[in-house]
Amino acid sequence: MEQKAFTISSWNIQGLRSSAFGLKSRNPDFTKEIGNTDIVILQETWYRGDRPTGCPLGYRELVVPSTKLPGVKQGRDSGGMLIWYRADLTHSIKLIKTGTFYIWLEIQKEIILTEKNVLLCATYIPPLESPYFNEDSFSTLEGEINHFQAQGHVLVCGDLNARTGQEPDTLSTQGDKHLPGGDSIPSHICPPRHNYDNITNKNGSQLLQLCRTLGMYIVNGRLRGDSYGRYTFSSSLGSSTVEYFITDLNPESLRAFTVSPLTPLSDHSKITVYLNRAILNHEASKPKELSNIKNCYRWKECSLETYQKTIRQQQIQSPLDNFLGKTFHCNSEGVNLAVENLNSIFDLSASLSNLKISNRKSKKINNNDKWFDEECKNLRKKLRNLSNQKHRDPENLSLRLHYGESLKQYRNTLRKKKEQHVRNKLNVIEESIDSNHFWENWKTLNKQQHEELSIQNGDVWVNHFSNLFGSITKNKEQKHIHDQIQILESTIKDYQNPLDSPITLNELQDKIKTLQPKKACGVDGILNEMIKYKDNKFQLAVLKLFNIILSSGIFPNIWNQGLITPIHKNGDKFDPNNYRGICVNSNLGKILCIIINSRLIHFLNENNVLSKCQIGFLPNYRTTDHVFTLHTLIDNQTNQNKGKVFSSFVDFKKAFDSIWHEGLLYKLMESGVGGKTYDIIKSMYTNNKCAVKIGKKHTHFFTQGCGMRQGCSLSPTLFNIYINELARALEKSAAPGLTLLESEVKCLLFADDLVLLSPTKEGLQQHLDLMHRFYQTWALTVNLSKTKIMVFQKRSSHQDHKYKFHLDTVALEHTKNYTYLGLNISATGNFHKAVNDLRDKARRAFYAIKRNINFNIPIRIWLKILESVIEPIALYGCEVWGPLTNQDYTKWDKHQIETLHAEFCKNILRVQRRTPNNACRAELGRHPIIIKIQKRAVKFYNHLKGSESQTFHNKAITYREMNLEKSPLSKLVLGLCSQTHPTESQDSSTIRPNQITRKQKDNYLTHWKELTKKQSNLRAIWPYTESTQRQNT
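In UniProt numbering, the protein residues as written are 1 to 1033.
So this is what it looks like as structure tokens:
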């Protein structure tokens, strides 16, 4: 059997994106052209490297960004290259050098049948009339080739804008034997070169001279597949050959060369060279087979009525009665049998309800856009036929003109169909702007094609996650804890059973109500909707199952199986370390975990188990609570004479994925949790198995030896229990903390976000030493590069490095700023950089949306996006930093967030930057952002005042109100209240945020009228804009 050739393709794609085709790499014509090519070189991509390219599955990518001349603002970029090569060639291809219009790669000789490595150069040389053309392009290329010929064979390809006509590219060998040293002159016995293009231009002459000088030859028109020397470019104005492969390889190493027929995507043809592939002596070990995932059901709006009718039928009621009347043993076999029986009833009800099963068969590559109708398909078919005819008869002028007219018609038709489709969608979205379907419809507007995993080898994923979740190697202290667990389980575990009372129907119904629709399902295929819309008898069956599990203390096997979906974060897509895994478990199992978690949180609160410094993922707490507390502590300490706060912001390395399971079980019993609830949690963590989802299949299941169960509501609470001892140990230590009323605060914890605090440098070092002992015992790892020291003080132009701190033997770095719980806080305790960062992130989000939506969006939709997506980013944490800003309307326009708001309004309205801000806001019926900040501040104030008196954030607001002038939040809120209800006394129970907001909007409208009267150019629109603002008040 003949060895498959090694293929390299070069194609001037004339832009990776276009208005007619969108992202061309997703087009079926493009996919068909690329096929299984080993190396694909795309030129003239006009791509800067800032958007997805649609790199084919199983390929790696190299990017040469497009360029633009300095000072040129309008018009598209020039150049730009993408190189895609098969991932299995990673160790055989090496990047050597890149430039503005070229890239050099080295291909190992082990994969190509040559004596030396091949140096591949992909280059683009602009035409003579282009402002990007460089007179030295060919001389530079000649020097590069000459340099690399000393290292191996050279193969150059690309659009050189060179027309070489019929002139020779090689030197005649006649008479060489008579010349001194004639044997050393490089030469190849090449077949004669043919070329349809008879014209030679300046670039062509330079290319021919380069070939003759360096012993290179043109591959076009010489080999099987292109014996006539076909045109590589064709338009209605004419045809030419401008793309080439040139090389010094022995012609026997080349098998063929082809010029593909034109496609609608570009006026240039793809050219491909076929090299003899080396025969490998051994085959790489094949990865293990992947297993099919059970087909899951799809729930639609119309499914509810049918489903509820079905479950009332005798075909469902009879199995339910049998299940409710059946006795199951309280052991592993009984639990798993009960789950199997109930799952079969769920499957039967779904089947009888005709819930559509997700089609997991891979679709044939085709243009499945809804707007791509029969007319488009017929035009495409006609165009393909014309392209093939023109390819067979390239000199036929009428064919060329007919093809050009048909291509123009095809592209125009695509644009019209696409634009009409978008307009229809925008109308639907605008109509649903006030309904729950808005975001559903919005997602369909620019639906991204699902990208499959770059790594398709299941063994790679299993090895990665097995190592990540592997069991720890125990040290001496951990071995002692392991022995203690067995003692505690045999002595006190069964007596610590406050959470083991039978689950009630009310408990179950309350948790079922909280289920969210359209969530992924686990390996059992049960959707949340299938649980939520069951009748009372079904709920009794679920209740019975849960109580069987609780009585036995055994978590079912199928609920212990999770499917991990790797989500790419950043960096190399072929490195599994650049992915985070999202694990999906059984939805039915999640409900039981939610019930146990509610009981567990209640138990922890009732028994004061958790330290007050830990508030992560607990009910009625938020990140801004700790930010407010920290800001209060800093203000309090630094306002004292020479007062400083010595702090360390600690970053744990993959804390949730590193939890030692035996240590967690020990902490549970130490916290008073035992009985069957303990047994269930132990069963969950002892027998938990995961598999990695790859497309429509999954790997084999492997044991999760450490780390919290992902997607489980119990996990955050269990993590808090696990790390709680660190906070308790700090509280008991002799090292000083910061004073807050009668309390001493030594640390603040939000899950694994930890900040250590002390008024002295010795105290902070003691905190660090204690933490070091803790994480050594409990198998946690501190990320030393991200753990920072910050000394807060009144004036801090620089961090005072005379204070040295270390963790074990490693010195810790000082920093001037640190992002704590999403807000960048400085060494003086201010939030100036935080506000600037939020502004930049909101701006980036706005322009990212705008960049991905390549059409005009109605203003009403933009306003919805602004309020729902952009404002939450810009106003994050404004409850804390907002009251610190100037509340005067006349000065607010200069604030970073309001300037951003004005920028968005002007962008949406498409007006000049100099347009008055108040006019733009009025045109859109919007008020200054400060009013929303004030409303959130009022709500936050009510939250702080309504919190338990023992919480740190309640103590913080209480302390600040001891001197109202030093409490910006209280001063702001009470000042707003006095404007709304000047005669009433105010407390958190009587403050009404909505009333305050309405009053502030009225105040602004009055201010706006006065301002408008002073601007003569706005007086004419005053009545209209006033009514617009009143409608939005």
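The beta carbon of each residue, even a glycine, is placed where N, CA and C say it ideally should be.
Below 7 angstroms CB to CB, which residues in the same chain sit around ASP77 once its five sequence neighbours on both sides are set aside?
What you label residue 77 is simply residue 77 of the sequence shown in a count that begins at 1. So the qualifying residues of the chain are TRP46, ARG48, SER66, THR67, LYS68.
Could you check where the beta strand (DSSP E) with PRO566 kicks off and where it finishes?
Along the sequence shown, read from residue 1 onward, the residue named residue 566 stands at position 566. Per DSSP, PRO566 belongs to the beta strand (DSSP E) from 561-568.
Tell me the DSSP secondary structure of ARG86 in three-state form.
Against the sequence shown, residue 86 aligns to sequence position 86. DSSP places ARG86 in strand when its eight states are reduced to three.
Within this structure, are the beta carbons of LEU399 and LYS390 separated by less than 8 angstroms?
The count along the sequence shown starts at 1 and reaches residue 399 at position 399. The count along the sequence shown starts at 1 and reaches residue 390 at position 390. Result yes, Cβ atoms of LEU399 and LYS390 sit closer than 8 angstroms.
Look at PHE233 and SER227 and say whether their C-beta atoms are less than 8 angstroms apart.
Along the sequence shown, read from residue 1 onward, the residue named residue 233 stands at position 233. Along the sequence shown, read from residue 1 onward, the residue named residue 227 stands at position 227. Not closer than 8 angstroms, so no.
LYS537 lies in the alpha helix (DSSP H); which residues open and close that run?
Taking the first residue of the sequence shown as position 1, residue 537 is located at position 537. Segment 536-552, the alpha helix (DSSP H) holding LYS537.
Limits of the unbroken beta strand (DSSP E) element including ALA256:
Here residue 256 refers to the residue found at position 256 when the sequence shown is read from its first residue. Taken as a continuous stretch (DSSP letters only), the beta strand (DSSP E) holding ALA256 covers 254-259.
Going by DSSP in three states, TRP299 sits in which element: helix, strand or coil?
Here residue 299 refers to the residue found at position 299 when the sequence shown is read from its first residue. Looking at TRP299 - three-state DSSP - the assignment turns out to be coil, as it is neither helix nor strand.
What residue range does the beta strand (DSSP E) around VAL584 cover?
Counting from one through the sequence shown, the residue named residue 584 turns up at place 584. VAL584 -> beta strand (DSSP E) spans 579-584.
Own chain, CB closer than 7 angstroms to TRP862, minus 5 neighbours either side, in chain order:
By 1-based counting over the sequence shown, the position of residue 862 is 862. These residues qualify, in order along the chain: ILE908.
Return the CA-CA distance between LYS24 and PHE30, expressed in angstroms with no decimal places.
Position 24 of the sequence shown, counted from the start, is the residue given in the question as residue 24. Position 30 of the sequence shown, counted from the start, is the residue given in the question as residue 30. Going by the C-alpha atoms only, they are around 7 angstroms apart.
Who pairs with ASN824 in a beta bridge, going by DSSP?
Taking the sequence shown and counting its residues from 1, one reaches residue 824 at position 824. BP columns for ASN824 point to THR819.
According to DSSP, residues forming a beta bridge with SER648:
The residue given as residue 648 occupies position 648 in the sequence shown. Partner(s): LEU756, ILE789.
Please work out which residues of its chain come closer than 7 angstroms, Cβ to Cβ, to LEU610, disregarding the five sequence neighbours upstream and downstream, and give them in chain order.
Translated into positions along the sequence shown, residue 610 becomes position 610. Only LEU604, ASN720, ASN724 meet the Cβ criterion.
Please classify ASP373: does DSSP put it in a helix, a strand, or coil?
For the purposes of this step, residue 373 is taken as residue 373 along the sequence shown, with counting starting at 1. In the structure shown, ASP373 sits in coil (DSSP, three-state: anything other than H, G, I, E or B).
In three-state terms, what does DSSP make of GLN43?
Looking up residue 43 in the sequence shown gives position 43. Note: GLN43 maps to strand in three-state DSSP.
Counted within 10 angstroms of its Cβ, other Cβ atoms place GLU35 as buried (16 or more) or exposed:
Looking up residue 35 in the sequence shown gives position 35. Looking at the sequence itself, residue 35 is Gly, so the reference to Glu does not match. Counting Cβ neighbours within 10 Å, GLY35 comes out exposed, since fewer than 16 surround it.
Please identify the residue among ALA922, TRP11, ALA350, ASN341 whose C-alpha is closest to the C-alpha of HIS1007.
For the purposes of this step, residue 1007 is taken as residue 1007 along the sequence shown, with counting starting at 1. Of the candidates ALA922, TRP11, ALA350, ASN341, the one whose C-alpha sits nearest the C-alpha of HIS1007 is ALA922.
Residues in its own chain within less than 6 angstroms of LYS372 by CB, not counting five upstream and five downstream?
Position 372 of the sequence shown holds residue 372. One detail in the question is off: residue 372 reads as Phe in this sequence, not Lys. Here the set comprises nothing.
Nearest to ILE930 by CA position, among GLY675, ASP888, ALA20, ILE279, is which residue?
Counting from 1 along the sequence shown, the entry for residue 930 is found at position 930. Out of GLY675, ASP888, ALA20, ILE279, ASP888 has the C-alpha closest to the C-alpha of ILE930.
Beta carbon of LYS939, beta carbon of ILE433: below 8 angstroms?
Within the sequence shown, residue 939 is the residue found at index 939, counting from 1. Within the sequence shown, residue 433 is the residue found at index 433, counting from 1. Cβ distance not < 8 angstroms, so LYS939 and ILE433 don't count as in contact.
Identify whether HIS437 lies in helix, strand or coil by the three-state DSSP scheme.
Within the sequence shown, the letter at position 437 stands for residue 437. Three-state DSSP puts HIS437 in coil, outside helix and strand.
Would you mind working out which of ILE564, ALA735, GLU395 sits nearest SER235, comparing C-alpha positions?
Reading the sequence shown from its first residue, position 235 is the one you call residue 235. Nearest C-alpha to SER235: GLU395.
Is it buried or exposed for SER163, if we count other Cβ within 10 angstroms and need 16 for buried?
Taking the sequence shown and counting its residues from 1, the one referred to as residue 163 is at position 163. Residue 163 is actually Arg in this sequence, not Ser. Buried.
Name the DSSP beta bridge partners of CYS157, please?
For the purposes of this step, residue 157 is taken as the residue at position 157 of the sequence shown. ALA122, PHE245.
DSSP three-state assignment for TYR59, whether helix, strand or coil
Residue mapping note: residue 59 aligns to position 59 of the sequence shown, counting from 1. Residue state, collapsed to three classes: strand.
Taking contact to mean at least 3 C-beta pairs separated by less than 8 angstroms, is the stretch 832-839 in contact with the stretch 628-637?
no
If I measure Cβ to Cβ from THR306 and keep anything under 7 angstroms in the same chain, skipping five residues before and after, which residues do I get?
In the sequence shown, residue 306 corresponds to position 306, counting from 1. Contacts found: SER353, ASN354.
When the Cα of LEU505 is compared with those of LEU592, PRO883, GLY525, GLN484, which residue comes out closest?
Start at 1 with the first residue of the sequence shown, and residue 505 comes out as number 505. For the residues LEU592, PRO883, GLY525, GLN484, the minimum Cα distance to LEU505 belongs to LEU592.
Inter-residue Cα distance where the pair is TYR959 and ILE595
Your numbering for residue 959 matches position 959 in the sequence shown. Your numbering for residue 595 matches position 595 in the sequence shown. Distance between the alpha carbons of TYR959 and ILE595 is about 37 angstroms.
Excluding sequence positions up to five away, which residues of its chain have a Cβ less than 7 angstroms from the Cβ of PRO287?
Your numbering for residue 287 matches position 287 in the sequence shown. Taken in chain order, the residues that qualify are ASN457, GLY458, ASP459.
Can you tell me whether ALA919 is buried or exposed? The criterion is at least 16 other CB atoms within 10 Å of its CB, across all chains shown.
Locating residue 919 in the sequence shown gives position 919, where the first residue counts as 1. Classification for ALA919: buried.
Which whole-angstrom value is the C-beta distance of VAL118 and HIS147, which I expect to be below 8 angstroms?
The residue labelled residue 118 in the question sits at position 118 within the sequence shown. The residue labelled residue 147 in the question sits at position 147 within the sequence shown. No, VAL118 and HIS147 are not in contact; Cβ-Cβ is about 15 angstroms, not under 8 angstroms.
Run through DSSP, which three-state label would LYS966 get?
Counted from its first residue, the sequence shown places residue 966 at position 966. In this structure, LYS966 counts as helix in the three-state DSSP scheme.
Pairwise C-alpha distance: ARG709 and TYR533
Here residue 533 is taken as the residue at index 533 of the sequence shown, counted from 1. Here residue 709 is taken as the residue at index 709 of the sequence shown, counted from 1. Between TYR533 and ARG709, the C-alpha separation is close to 27 angstroms.
Is it a yes or a no for the stretch 757-766 touching the stretch 641-661, going by three-plus beta-carbon pairs under 8 angstroms?
yes
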